[in-house]
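**Q**
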Amino acid sequence: MKRYTIKDLQKDFPNDEACLEWLVKYFFPNGIPCKNCDKVTKHHRVKSRPSYSCDICGHHVHPTANTIFHKSSTPLTLWFYAILLMTSTRAGISAKQLERELGVTYKTAWRMFHQIRKMMSDDKNLLSGEIEVDEAYVGGKGFNKRHEANFGEKPKQVVMGMVKRGGEAKVRHVISSGARVLLPQIQKNVEPNSRIYSDQLGAYRTLNKLGYKHSSVNHHEEYVNNNIHTQNLENLWSNLKRGITGVYRHVDSKYLQAYSNEYAFRYSHRNSQKAMFWTLMERVQKV
Ligand SMILES: [Zn+2]
């Protein structure tokens, strides 16, 4: 992956002026259209505010409108730095770490953290090709694969992972690991006719009937049977697990989907030519 470093950031965005300029160029590559004049006009920067004003009629345009930066009193340079921090490590960083790194209050750091994380949801497109599917359990003592789960502990939250080999991942926080929950997730996220690799969980037994080509892994066999494995998904689980035990300590079930999206995002973009920083910068506009 192409790295975008703190040095790059300091060079590209030395001050809020530069950040604002970037937003203008990104949102208005062909010049700023004025609503009043009903055409692209020349604009000049308003000194006292993060906005631009039409040279002809004086109408104001705020490049931060509809972005995660909207109405925030935190400097854009810190926002950009936070985005870089959240994309530069494999395990991610917590709101607490953001607070320390940015020198803002915890409340501010927490808000920034959640805004940035929201941009890490997966694309809505369906996965196709060779897909590995598996579930994991979060809660109690942290993170478990089903076959390691310690029953008798507090009920765990279930996350279901779907990974395209050599491609992107989706993780869904689901209410149980029953067929009636898992199968619709596959139908919602994986194209029919795709090859699906899973373990021998009963829930997946009818996948063939649903129009998928299904192969299941026997975890008790000593050797991985040629192509039939869920190793890519195991890698994602291990990052997720490291995040839970090492970075966050505890994940409230309320945030488990956002949390899972963050790790799926990192996984999906791990080999991408574009640095994750820029992928997120292109999502700062709220949809
Ligand atoms: Zn105008």
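In terms of the numbering used here, the sequence shown is residues 9 to 295.
Glycine included, C-beta positions come from ideal geometry on N, C-alpha and C.
(1) Below 8 Å on the Cβ atoms is my contact criterion, and I expect Thr-85 with Cys-27 to pass it. Report the Cβ-Cβ distance as a whole number of Å.
(2) By the 10 Å Cβ neighbour count, where 16 or more other Cβ atoms means buried, how is His-181 classified, buried or exposed?
(3) Taking the beta carbon of Lys-33 as the centre, do at least 16 other beta carbons fall within 10 Å, making it buried, or is it exposed?
(4) Decide if the stretch 113-130 is in contact with the stretch 68-86; the criterion is three or more beta carbon pairs, one per stretch, under 8 Å apart.
(5) Select from Asp-24, Gln-105, Gly-174 and Phe-35 the residue whose C-alpha is nearest the C-alpha of Asn-243.
(6) Based on the DSSP secondary-structure assignment, which residues constitute the bridge partners of Glu-138?
(7) Does ligand 1 have a heavy atom nearer than 7 Å to the CB of Asn-269?
(8) Please state if the CB of Ala-272 and the CB of Lys-178 are separated by a distance shorter than 8 Å.
(9) Does His-277 come out as helix, strand or coil in the three-state DSSP assignment?
(10) Whose CB is closer than 6 Å to a heavy atom of ligand 1? List the residues in chain order.
(11) Can you grab the Cα-Cα spacing for the pair His-258 / Met-284, in whole Å?
(12) Please state whether the Cβ-Cβ distance between Val-198 and Leu-135 is less than 8 Å.
(13) With distances taken from CA atoms, which of Asp-46, His-70 and Cys-65 is nearest Ser-56?
(14) Within 10 Å of its beta-carbon, does Lys-132 have 16 or more other beta-carbons around it, so buried, or fewer, so exposed?
(15) Check whether the Cβ atoms of Gln-208 and Met-168 lie closer than 8 Å to each other.
(16) Assuming His-68 and Lys-43 are in contact, meaning their beta carbons sit under 8 Å apart, how far apart are those beta carbons, in whole angstroms?
(17) Would you tell me roughly how many angstroms separate the C-alpha atoms of Asp-63 and Arg-291, rounded to the nearest one?
(18) Can you tell which of Pro-22, Lys-262, Met-289 and Phe-21 has its C-alpha closest to the C-alpha of Gly-147?
(19) Name the residue from His-51, Asp-20, Ser-184 and Ile-204 whose alpha carbon lies nearest to the alpha carbon of Phe-36.
(20) Which of helix, strand or coil does DSSP assign to Val-182?
(21) Which same chain residues, not among the five before or five after Tyr-275, have their C-beta less than 8 Å away from its C-beta?
(22) Run through the DSSP bridge pairs and tell me what Glu-143 is partnered with.
(23) Where does Tyr-114 land, buried or exposed, given buried means 16+ other C-beta within 10 angstroms?
(24) Count the other CB atoms within 10 Å of the CB of Glu-140; is the residue buried (16 or more) or exposed (fewer)?
**A** So, to answer that:
(1) For the purposes of this step, residue 85 is taken as residue 77 along the sequence shown, with counting starting at 1. For the purposes of this step, residue 27 is taken as residue 19 along the sequence shown, with counting starting at 1. Going by Cβ atoms, the distance from Thr-85 to Cys-27 rounds to 6 Å, so yes, they are a contact pair.
(2) What you label residue 181 is simply residue 173 of the sequence shown in a count that begins at 1. Looking at its Cβ environment, which holds 16 or more other Cβ atoms inside 10 Å, His-181 is buried.
(3) One-based indexing of the sequence shown puts residue 33 at position 25. Flag for Lys-33 reads exposed.
(4) yes
(5) As a first step, residue 243 must be located in the sequence shown, where it is residue number 235. Nearest of Asp-24, Gln-105, Gly-174 and Phe-35 to Asn-243, Cα basis: Gly-174.
(6) Your numbering for residue 138 matches position 130 in the sequence shown. DSSP lists Arg-203 as partners of Glu-138.
(7) Here the question's residue 269 lines up with position 261 in the sequence shown. The answer is no for Asn-269.
(8) Counting from one through the sequence shown, the residue named residue 178 turns up at place 170. Counting from one through the sequence shown, the residue named residue 272 turns up at place 264. Remark: C-beta atoms of Lys-178 and Ala-272 approach each other more closely than 8 Å.
(9) Counting from one through the sequence shown, the residue named residue 277 turns up at place 269. Reduced to three states, the DSSP call for His-277 is coil.
(10) Cys-42, Asn-44, Cys-45, Thr-49, Cys-62, Ile-64, Cys-65 and His-67
(11) As a position in the sequence shown, residue 258 is number 250, starting the count at 1. As a position in the sequence shown, residue 284 is number 276, starting the count at 1. Approximately 25 Å between the Cα atoms of the pair.
(12) Taking the sequence shown and counting its residues from 1, the one referred to as residue 198 is at position 190. Taking the sequence shown and counting its residues from 1, the one referred to as residue 135 is at position 127. In contact: Val-198 and Leu-135 (Cβ atoms closer than 8 Å).
(13) Locating residue 56 in the sequence shown gives position 48, where the first residue counts as 1. Answer by Cα proximity: His-70.
(14) Sequence index remark: in the sequence shown, residue 132 carries index 124 (1-based). Exposed is the call here.
(15) The residue labelled residue 208 in the question sits at position 200 within the sequence shown. The residue labelled residue 168 in the question sits at position 160 within the sequence shown. In this structure, Met-168 does not lie closer than 8 Å to Gln-208 by Cβ.
(16) The count along the sequence shown starts at 1 and reaches residue 68 at position 60. The count along the sequence shown starts at 1 and reaches residue 43 at position 35. Going by Cβ atoms, the distance from His-68 to Lys-43 rounds to 10 Å, so no, they are not a contact pair.
(17) The residue labelled residue 63 in the question sits at position 55 within the sequence shown. The residue labelled residue 291 in the question sits at position 283 within the sequence shown. C-alpha separation (whole angstroms): 29 Å.
(18) In the sequence shown, the residue the question calls residue 147 occupies position 139. Looking at the Cα atoms, Lys-262 is the closest of the given residues.
(19) By 1-based counting over the sequence shown, the position of residue 36 is 28. Considering only alpha carbons, the answer is His-51.
(20) Position 174 of the sequence shown, counted from the first residue, corresponds to residue 182. In this structure, Val-182 counts as strand in the three-state DSSP scheme.
(21) Working through the sequence shown from its first residue, we reach residue 275 at position 267. Within the same chain, Cβ atoms closer than 8 Å to the Cβ of Tyr-275 are found at Val-171, Glu-176, Ala-177, Asn-243, Leu-244 and Asn-247, the five residues on either side in sequence being excluded.
(22) Position 135 of the sequence shown, counted from the start, is the residue given in the question as residue 143. The partner list for Glu-143 (beta bridge, DSSP) reads Met-168.
(23) Within the sequence shown, numbered from 1, the residue matching residue 114 stands at position 106. Counting the other Cβ atoms within 10 Å of the Cβ of Tyr-114 gives fewer than 16, which makes it exposed.
(24) Taking the first residue of the sequence shown as position 1, residue 140 is located at position 132. The residue is buried, with at least 16 neighbouring Cβ atoms inside 10 Å.
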